[in-house]
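Protein chains: 2
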Amino acid sequence: MMAKQNAYTMRDVARLAGVSISTVSAVVNNKGIVGPELTAAVQKAIAAMNFSPHAGARGLRTGRTNMLGLVVQDITNPFFVEALRGVEDEAIQHDYEVLVCNSNDQADLELRHLNALYTKRVDGILLAPTDSYSARQALFTDRGPVVFIDCVPIKIDVNCVVTDNFEACYNGIKYLAGLGHHKIAVICGRLIHSTSIDRVEGCRKALQEMNLPIHEESLGQGDSHIESGYSIGLNLLQSPDPPTAIFTLNNRMALGILRALSELKIRCPERVSVMSFDDADWAEVVRPSLTTIAQPTYEMGKAAVDLLLQSILSSKEQADREPQQILLKSTLRVRESTAAVTRD
Amino acid sequence: MMAKQNAYTMRDVARLAGVSISTVSAVVNNKGIVGPELTAAVQKAIAAMNFSPHAGARGLRTGRTNMLGLVVQDITNPFFVEALRGVEDEAIQHDYEVLVCNSNDQADLELRHLNALYTKRVDGILLAPTDSYSARQALFTDRGPVVFIDCVPIKIDVNCVVTDNFEACYNGIKYLAGLGHHKIAVICGRLIHSTSIDRVEGCRKALQEMNLPIHEESLGQGDSHIESGYSIGLNLLQSPDPPTAIFTLNNRMALGILRALSELKIRCPERVSVMSFDDADWAEVVRPSLTTIAQPTYEMGKAAVDLLLQSILSSKEQADREPQQILLKSTLRVRESTAAVTRD
DNA sequence: ATGCTCGATCATATCGTTACAATCCGGGAG
DNA sequence: CTCCCGGATTGTAACGATATGATCGAGCAT
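Protein chains in written order, with the numbering used here: chain A, 15 to 358; chain B, 15 to 358.
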């Protein structure tokens with residue numbers, strides 16, 4: 015029906031409004047230097063043609079894209095979705111948009127995403143790294159500001175926003191021990207992330223201080239999905255000397271534990287207490303409702319964007335400043351799944 | 015320390031490799047017309063400078079960006095996350111990238127996202143519309159191909175990929191009725207989405223055929239979040255003549271129902287059966303595990319991308335083809351939360 | 001009148017890439 | 001020897017926006 019219709023450009027708008035391209039540009043960018051009648055004429059023309067500026071061309075000229083990249087380990091994890099919401103809300107408030115990339119726990123995909131983001135010339139990147147190598151890559155090749163979120167590449171000073179995982183777990187274990195639990199199993203994901211490492215360290219410290227043993231064998235087994243929580247739970251609960259409390263360092267593994275418990279008809283919290291890291295909307299709905307350590311996830315996303323924007327601004331003036339680390343506090347949400355140990 | 019360092023361009027690469035810019039371009043784009051030794055020289059230079067082409071400039075010249083936009087109603091709904099995964103996987107396979115936008119159930123935000131995507135000149139848009147108005151806007155202003163996903167603007171023929179909501183619910187009700195339930199309550203979200211409307215119609219048809227009444231008062235109340243399921247559940251279960259089966263048309267509202275049940279100490283499925291639309295990872299872990307109607311969500315994302323790409327290609331040749339509707343089948347997953355009605 | 005200032009408007013170079021036409025060169029046919 | 005062909009390489013004009021300096025008047029002091 016209609017011929018190949020290319021989008022209108024400023025040239026077209028200028029022609030229709032009877033002004034120069036520069037004037038159109040000034041109006042579009044609210045420079046405030048164009049007289050009222052010309053402004054009106056231009057706006058009318060813009061509306062009539064449904065004109066919208068070509069972001070690529072603009073970015074080419076200005077060197078900025080007003081886009082941020084967000085790379086997360088696993089978008090099916092509600093934790094990252096909540097962080098994403100914080101990121102988007104804060105970004106949109108500063109007139110930035112967010113390119114969301116899911117690396118799906120695969121290092122090669124993560125690297126691919128990072129390269130793609132660079133090619134798009136995003137103004138900055140928020141990275142929850144799956145892989146320490148691509149994280150370093152992202153940092154050291156001078157491709158613009160990066161802020162790490164949730165998880166930090168080991169032994170490098172970087173801009174980051176994380177929760178105090180060590181303290182959170184330290185307090186968590188103290189809480190369980192305070193309920194009288196002496197046999198506490200800690201289940202965590204792969205020990206390649208700073209997140210897991212810090213959490214385990216927090217547990218270890220607390221256990222040591224109270225002279226309690228740590229179930230070493232169940233430590234590095236999980237992969238943060240339901241199934242691994244389930245199978246580890248089965249093993250643990252059917253062992254000759256089962257723990258009286260289980261602390262999973264991730265919320266979905268806790269679901270697996272609950273499933274294992276109900277399958278083995280072991281009552282919770284009467285025989286075994288369960289506590290998990292990360293809150294989720296189902297945590298207080300599930301029976302028994304789940305005691306969790308909740309991170310301020312949404313705020314984490316917001317804070318990360320603030321830090322990144324700050325970093326973008328300052329990187330134009332002074333190339334390198336001290337990397338800034340923002341440490342957020344978590345809170346213990348006690349619900350039904352944890353209780354004092356019963357002597358029998 | 016170091017001065018403001020601008021990224022390298024093809025010009026720089028060409029200079030270092032001792033060739034022309036055109037040659038660099040040909041190598042970068044694998045045109046296969048450059049001799050082996052020059053190709054090697056260029057690649058070496060590219061690697062040395064860590065060169066990456068400027069996507070904005072490329073898009074400006076070629077008129078394509080290799081980006082797709084995905085706009086979803088609510089990213090905290092696992093349903094959309096699963097669709098997103100399908101979209102990303104399929105897109106990446108065709109060398110496209112995906113710009114994810116969350117409209118957070120807000121029409122104005124959705125419109126803003128659509129405009130932003132257009133300004134970015136994405137090659138096509140996947141839209142799970144919150145608002146029928148911006149959906150029309152997206153369609154009629156000739157801003158490139160759009161494929162609707164999950165939910166369709168009412169009374170317009172469009173490219174879309176949806177599940178057969180009518181049939182799914184029709185079968186769902188027949189299943190419940192087959193278990194002996196005569197008092198079935200249907201809880202659904204706001205009746206502004208084609209999704210909800212079709213589902214309710216399916217329920218209505220089945221109920222009519224079996225001469226069963228439909229609880230009109232609980233129909234249009236929900237908002238698809240846990241809380242609304244919870245409060246509607248409380249009302250329903252404490253009413254003088256409570257239903258023996260509850261069918262929620264969304265998975266998170268089902269969580270709310272379960273919570274209401276356990277709070278009122280009403281046993282499920284002994285006294286009340288619960289069934290929900292949409293599967294989720296927690297559905298089979300929760301006790302009682304939840305009977306659901308599962309949509310092929312991941313495949314939906316994939317199919318939508320395929321349709322969109324096809325639409326992008328053909329839109330260059332023939333401006334308008336018949337809009338294509340892809341209808342997917344859902345499957346009933348029977349679990350513990352539904353059982354035959356008990357006579358007492 | 002003349003020159004000056006200042007605000008509004010305009011003309012044009014430029015950003016980094018690709019498309020296309022032009023060029024170059026070696027080798028085979030006449 | 002000349003001509004021509006075709007593959008490899010190059011030069012240059014776009015793409016659509018913004019930044020910058022030029023231009024143009026009107027108003028005002030001299």
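Glycine included, C-beta positions come from ideal geometry on N, C-alpha and C.
field: N-terminal and C-terminal residue of the beta strand (DSSP E) that Gln151(A) is part of
entry: Gln151(A) -> not in any beta strand (DSSP E); alpha helix (DSSP H) instead, spanning 146-154.
message: Residues of the segment 53-76 of chain B in Cβ contact with chain A at a cutoff of 7 Å, in chain order, please.
response: Within the segment 53-76 of chain B, the residues whose Cβ lies closer than 7 Å to some Cβ of chain A are Asn64, Ser66, Pro67, His68, Ala69, Gly70, Ala71, Gly73, Leu74, listed in chain order.
query: Where do the N-terminal and C-terminal ends of the beta strand (DSSP E) with Gln57(A) fall, by residue?
result: Careful: Gln57(A) lies outside any beta strand (DSSP E), inside the alpha helix (DSSP H) at 50-63.
query: Can a CB atom of chain A be found closer than 8 Å to the CB of Lys134(B)?
result: It does: the Cβ of Lys134(B) has a partner Cβ on chain A nearer than 8 Å.
- request: Express the C-alpha separation of Leu341(B) and Asn179(B) in angstroms, rounding to a whole number.
  value: 9 Å
field: Complete runs of the alpha helix (DSSP H) confined to the segment 299-345 of chain B [at least 4 residues]
entry: Fully enclosed alpha helix (DSSP H) runs of 4 or longer: 311-331.
query: What does Leu269(A) reach in chain B if we use C-beta pairs closer than 7 Å?
result: Chain B residues near Leu269(A): Trp296, Val299.
- request: Would you list, in chain order, the members of the segment 92-114 of chain B that have their beta-carbon closer than 9 Å to a beta-carbon of chain A?
  value: Taking 9 Å as the Cβ-Cβ cut-off against chain A, the residues of the segment 92-114 of chain B that qualify are Pro92, Val95, Glu96, Leu98, Arg99, Glu102, Asp103, Ile106, Glu111, Val112, Leu113, Val114.
task: Quick one: list the residues of chain B neighbouring Thr262(A), beta-carbon separation under 7 Å, in chain order.
output: Result: empty, since nearest Cβ-Cβ is about 13 Å, beyond 7 Å.
query: Does the beta-carbon of Arg25(A) have 16 or more other beta-carbons within 10 angstroms, so that it is buried, or is it exposed?
result: exposed
message: Measuring alpha carbon to alpha carbon, tell me which residue in Gly247(B), Arg281(B), Pro257(B), Ser276(B) is nearest Met267(B).
response: Gly247(B)
task: Leaving aside the five residues before and after Thr345(A) along the sequence, list all residues of the same chain whose C-beta is less than 7 Å from its C-beta, in chain order.
output: Ala308
task: Tell me the start and end of each unbroken alpha helix (DSSP H) in the segment 240-271 of chain A that is at least 4 residues and wholly inside, in chain order.
output: 240-251
- prompt: Using the rule of at least 16 other Cβ atoms within 10 Å of the residue's Cβ for burial, across every protein chain shown, is Lys316(B) buried or exposed?
  reply: With 16 or more other Cβ atoms inside 10 Å of its own Cβ, Lys316(B) counts as buried.
For Cys115(B), the three-state DSSP class (helix, strand or coil): strand
field: Local Cβ density within 10 Å of Thr155(B), reported as buried at 16 or more and exposed below that
entry: exposed
- prompt: Nearest to Ile228(B) by alpha carbon, out of Tyr312(B), Asp237(B), Gly216(B)?
  reply: Gly216(B)
- request: Quick one: grab the DSSP three-state call for Cys174(A).
  value: In the displayed model, Cys174(A) falls within a strand according to three-state DSSP.
field: Cutoff 8 Å; reference Gln151(A); Cβ partners in own chain excluding five residues on either side
entry: Leu125, Leu128
query: Would a check of beta-carbon distances place Leu272(B) closer than 8 Å to chain A?
result: yes
task: Starting from the C-beta of His195(B), find all residues in its chain whose C-beta is less than 6 Å away, skip the five residues before and the five after it, and write them out in chain order.
output: Thr258, Ala259, Val355
- prompt: So which residues of chain A does Ala130(B) contact, with C-beta pairs closer than 7 Å?
  reply: Near Ala130(B) (Cβ distances below 7 Å), the residues of chain A are Glu111.
message: Can you check whether the C-beta of Ile208(B) is within less than 8 Å of a C-beta belonging to chain A?
response: It should be noted that the sequence gives Ser, not Ile, for residue 208(B). Not closer than 8 Å to any Cβ of chain A, the Cβ of Ser208(B) fails to qualify, so no.
message: By the three-class DSSP mapping on this structure, what secondary structure does Arg347(A) have?
response: strand
query: Does DSSP put Met81(A) in a helix, a strand or coil?
result: strand
- prompt: Roughly how many whole angstroms lie between the Cα atoms of Glu102(B) and Val112(B)?
  reply: 6 Å
message: Given a cut-off of 8 Å on the beta-carbon distance, is the pair Ile168(A) and Ala318(A) in contact?
response: no
- request: Find out if the Cβ-Cβ distance for the pair Asn64(B), Asp88(B) is shorter than 8 Å.
  value: In this structure, Asp88(B) does not lie closer than 8 Å to Asn64(B) by Cβ.
field: 6 Å Cβ shell around Ser351(A) - same chain, five flanking residues per side excluded
entry: Cys282, Pro283, Val288, Pro302, Leu304, Thr305
task: Tell me, please, whether the CB atom of Asn43(B) is closer than 8 Å to any CB atom in chain A?
output: Taking Cβ atoms only, chain A never reaches closer than 8 Å to Asn43(B), which makes this a no.
task: Measuring only between beta-carbons, confirm whether Asn116(A) sits less than 8 Å from chain B.
output: yes
query: CB of Val175(A) to nearest heavy atom of the ligand COA: below 7 Å?
result: The ligand content of the structure shown is nil, which means the ligand COA is not present either.
task: Have a look at Ser276(B), Arg204(B), Gln324(B) and flag the residue whose alpha-carbon is nearest the alpha-carbon of Ala105(B).
output: Gln324(B)
- prompt: When the distance is taken between beta carbons, is Val136(B) closer than 8 Å to Leu11(B)?
  reply: Residue 11(B) falls outside the range modelled here, since chain B spans only 15 to 358, and no answer is possible.
task: Using a threshold of 8 Å, state whether the C-beta atoms of Leu263(B) and Arg213(B) are closer than that.
output: yes
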